[in-house]
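First up is the structure itself, then whatever we jot down about it.
Structure, rendered in structure tokens:
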């Protein structure tokens, strides 16, 4: 089974380099390479935002993705991320991915990835677009970064506009992203995504995004979700692949149904910089 899952992931990775990659293949691939971020704050859900959490912030985040069934056993992909904002413009992070069965047994397939996001344009927080560039470095087989064929780069550029609606208690944020995948000198076709998040009273976030749009503006998988924030802790839940014209298959699907899967997120954001400033007063 371990070999089967490894080959499935490698096959999925290979498919994203094809010109006829479907939006569903890209979406499933994106689930495997995206770090677990803080929904509505430094990301929408899978799509990063141009801003960071702020200087001196350390966060720990876990996202669990329903990954369908294999031989009638349900499978989940858990992504555990630790990320640090080294400045107001830079985030560095590490993720460990593990596939888990529905009885909570691990599959022994572990994948590491490293992340860097740097904001390169920022005049003000509100109304003027912010721009960031980033890259995810992802292992494909046995956490081996020694051979080029066993890891890939997922570079991206993202822009975000933050717009308070007359008050900081109601803030709309719009994000757009372009990205591709590179491995052993090969490069995928560019893919595009974007979305919005709406913050209400600093506690409730409503989230929506589209991932995997091709250069002709077609395809794309729509994800939606919501998050509640309680101080340093955030709890989120969502659905991906809600678009009716997109099909994601698993081994129990005949390809005629639209497959929708759920995702859940929990994050702990520790603002060390603010804590130290508070201690100094």
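In the numbering used here, the protein residues as written are 15 to 295.
C-beta: ideal position from N, C-alpha, C; glycine also.
Fair warning: this is a prediction, and the values are worked out from it, not measured in the lab.
Kindly give me the distance between the Cβ atoms of residue i and residue j, rounded to whole angstroms, as I take these residues to be in contact under 8 Å.
i	j	result
residue 255	residue 77	With a Cβ gap of about 15 Å, residue 255 and residue 77 do not count as contacting.
residue 213	residue 226	26 Å between Cβ atoms; not a contact.
residue 152	residue 132	Contact doesn't hold; Cβ gap of about 18 Å is too wide.
Going by Cα to Cα distance, which pick from the options is closest to residue i?
i	options	result
residue 99	91, 288, 93 and 73	73
residue 130	87, 286, 178 and 150	150
residue 207	200, 189 and 199	189
residue 65	102, 96, 89 and 153	102
residue 191	152, 143, 179 and 217	143
residue 285	276, 58, 253 and 247	247
residue 44	178, 173, 111 and 138	111
residue 251	222, 132 and 49	222
residue 175	141, 152 and 153	141
residue 245	218, 61 and 57	218
With residue i as the anchor, note down where its beta strand (DSSP E) starts and where it stops.
i	result
residue 68	Where residue 68 is concerned, there is no enclosing beta strand (DSSP E), given that its DSSP letter is neither H nor E.
residue 236	235-244
residue 100	Element bounds for residue 100: n/a, residue is neither H nor E.
residue 223	218-227
residue 248	247-254
residue 276	275-285
residue 63	That residue, residue 63, is in no beta strand (DSSP E); it is neither H nor E in DSSP.
residue 52	Element bounds for residue 52: n/a, residue is neither H nor E.
Under 7 Å, do residue i and residue j count as touching if we go by C-beta distance?
i	j	result
residue 236	residue 224	yes
residue 183	residue 135	no
residue 195	residue 171	no
residue 197	residue 47	no
residue 81	residue 95	no
residue 52	residue 281	yes
residue 277	residue 79	yes
residue 187	residue 145	no
residue 241	residue 107	no
residue 287	residue 70	yes
residue 93	residue 50	yes
Inside the stretch 139-197 only - beta strand (DSSP E) runs reaching at least 3 residues
Along the length of the stretch 139-197, whole beta strand (DSSP E) runs at least 3 residues long occupy 144-153, 165-181 and 184-193, reported in chain order.
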